[in-house]
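In what follows, a structure is listed as structure tokens, so that the remarks can point back to it.
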Amino acid sequence: MTFTRFNRARQNSLYLTGVLLCSIFAVNACTTSPATGEKVISFNTLAEEKRIGQREHPKIVKQFGGEYNLPKVKNYVSDLGHKLATISELPGIGWKFTVLNSREINAFAIPGGFIYVTRGLLTLASNEAELAGVIAHEIGHVTALHSSTRQATGKVAGLGTLAAGILLGRAGSELGSYIGRAGVQQYSQSQELEADSLGVRYLSRTGYDTRAMGSFLTKMRAFSKLENRRLGRPEDAMDRLSIFASHPRTLKRIERAIKTAARLRSGSRIGRVDYMAMLHGVVYGDDLEQGIISGRDFIHPLLKFRFTVPEGFRLINNQNSVVATNLEGSSIQFDMGPKTYNGPMTRYLKNVWASKARLNDVESIMVNGMDGAAGATTIQRRGGVFNLRFVAVRNKNNKIFRLLFVTPRLKTRQLSSELRRTTFSLRTLSNREASAITPATIRVKAVNADETIESIIQQMALTSFREQTFRVLNDLGPNENLRTGQLIKIVAKR
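At position 107 of the sequence shown the residue is numbered 776 (this note's numbering), and the sequence of numbers has no breaks.
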């Protein structure tokens, strides 16, 4: 179903824009959207879309921590995705559905039928209909040719001010690459709404309850607010690593999409029991391969090291670095040098890592039996003058650990002792210590008659916000109680 009721004037304007651009630039730059039957600008054939997807797929998998390879999870997501894609307007393009081993709550699509959902998103959803709504939305982006249209929009806009003034009423910002931690592509509002409506269409065709799209969005917003509280940020701050960065959606928009598709009968399929069975045992939060945050500690059992940040700093585990920040503008970034190094560590600091910085007070240090070096500099940036302290430490395998401390100049002396303790908290783990560390996982159970929220949250393997996290994961309001026999998710240690 195309948009027959939503914003008809807008739709007509977009259609006329497409026709006009076709006549301006080239007939072969235009095609018909398989999902809507309308003319759109695209410089790629479906075969070219597939080649783009095949080229970018390995890069995306690497960027997002690799695939999550638990067979029951891979098969479940793939089967669900193909069921939805089969009833789409492009059933035969060779769809591929991948679960990324990332704690982030995200999902996206790239040309050629490549759809991605993160492990974090799976642990947040509570039934098959919610996951189906996410995947159906992403399928809608592909069948409506949104990626190639956005790419073409960027190319055309670069051809002159005439095109920039015509295109969709906005130039549309292109990232220049399909890869990005915040999301692969930022779609226009009209494209997001179109993908919502197409998602509702595909849910209806497969018998799912279309209201699941709205219920999951509500849960994502609740989880985002909780994460902001956990990280000491404003509750309404948008997480650049979440699904809201690439899909700026609102519950009101989802409701409008469902209302637009009101003539399509909503199915009744929810699929909660099967979904919860699939979810049992899935890693929650950080995986061993990425290192684990435990309170103020970052521990990497595979690379065998750990360190502790000061009180008031919140740790965030990114793909290639670990960052800790506080509310006063200070930060700590930890990463590892890309190569081994066996020369003097002061030389590494001055000539390799911080070669473009004018370091002062460069000195050799020893950190728990490891050779190291430290140096400092000052920079001016928006927000004032900041002091930077570079610390590089080499382990017995010549791997380089790097800590960069950034503090507002007026706060440096106050934090000096705490940051020094962070430096000297860096140490290697023994084999025994490393083997004792396990990730948290989702454990699914039915509520017993004598159990309460207060008793169950004692089982949650979290150091803070245990009840709030439990309620968000299990769709429970602030004052809602449990029912005997209800299936719930608990964050537990293996």
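Even for Gly, the Cβ is constructed at its ideal location relative to N, Cα and C.
Straight-line gap, L1079 to G809 (C-alpha atoms, nearest Å): 51 angstroms
Continuous beta strand (DSSP E) stretch holding V1075: start and end: I1069 to P1077
For H969, the residue or residues it bridges with in DSSP: F974
C-alpha gap between H806 and I756, whole angstroms: 13 angstroms
Stretch pair the segment 1085 to 1095 + the segment 1009 to 1018: three plus CB contacts closer than 8 angstroms: no
Bounding residues of the beta strand (DSSP E) (the contiguous stretch that carries E648): Examination of residue 648 is not possible in this model, given that the chain is present from 670 through 1163 alone.
As assigned by DSSP and simplified to three states, the class of M1129: coil
Endpoints, alpha helix (DSSP H) assigned at F892: A881 to R899
Contacts around N1148, its chain only, beta-carbon distance under 7 angstroms, and the 5 residues preceding and following it disregarded: none
Best match in I1159, T1107, V991 and S990 for proximity to E1123 [C-alpha to C-alpha]: I1159
Contact between the segment 1059 to 1071 and the segment 1038 to 1046 (3+ Cβ pairs under 8 angstroms): yes
Buried/exposed call for N796, threshold 16 Cβ in 10 Å: buried
Residue range of the unbroken beta strand (DSSP E) whose run includes Y785: F783 to T787
Segment limits, beta strand (DSSP E) that includes S1000: S1000 to M1005
Nearest-angstrom beta carbon gap, Q988 and G734 [assumed within contact, 8 angstroms]: 6 angstroms
Distance between F976 and N1067 (C-alpha atoms, nearest Å): 18 angstroms
Stretch pair the segment 861 to 879 + the segment 933 to 945: three plus CB contacts closer than 8 angstroms: yes
Cβ-based burial, N775 [other Cβ within 10 Å; buried from 16]: buried
Buried versus exposed call for P970 [16 or more other C-beta atoms within 10 Å across all chains shown]: buried
Spatial distance of V991 from V1141 (CA atoms): 26 angstroms
Segment contact flag, the segment 950 to 965 with the segment 1103 to 1123, C-beta cutoff 8 angstroms, min 3 pairs: yes
Alpha helix (DSSP H) segment containing S859, residue limits: Q858 to R874
R1112 versus F885: straight-line alpha-carbon distance, rounded: 20 angstroms
Under the three-state DSSP convention, the category S963 falls into: strand
Residue(s) in a DSSP beta bridge with N1056: T1047 and T1076
Whole-angstrom distance between Y745 and N761, CA atom to CA atom: Before going on, a small fix: residue 761 reads as Gly here, not Asn. In a straight line, the C-alpha of G761 is about 20 angstroms away from that of Y745.
The segment 1018 to 1031 in contact with the segment 1089 to 1105 per 3-pair CB rule at 8 angstroms: no
Three-state secondary structure (DSSP) of K1114: strand
Where Y877 sits in the DSSP three-state scheme: strand
For F1164, the first and last residue of its enclosing alpha helix (DSSP H): This structure leaves residue 1164 out entirely; the chain is present only between 670 and 1163.
Through-space distance from I1034 to N1056, alpha-carbon basis: 19 angstroms
Helix, strand or coil at R938 [DSSP, three-state]: strand
Simplified DSSP assignment, three categories, for A851: Because the pLDDT of A851 is 35, which lies under 50, any placement of that residue in the model is unreliable, and the question is left without a value.
Residue from E799, A798, L739 and V730 with nearest C-alpha to K765: V730
Per-residue burial, G1146 [other beta carbons within 10 Å of its own, 16 or more giving buried]: exposed
Whole-angstrom distance between Y877 and R941, CA atom to CA atom: 12 angstroms
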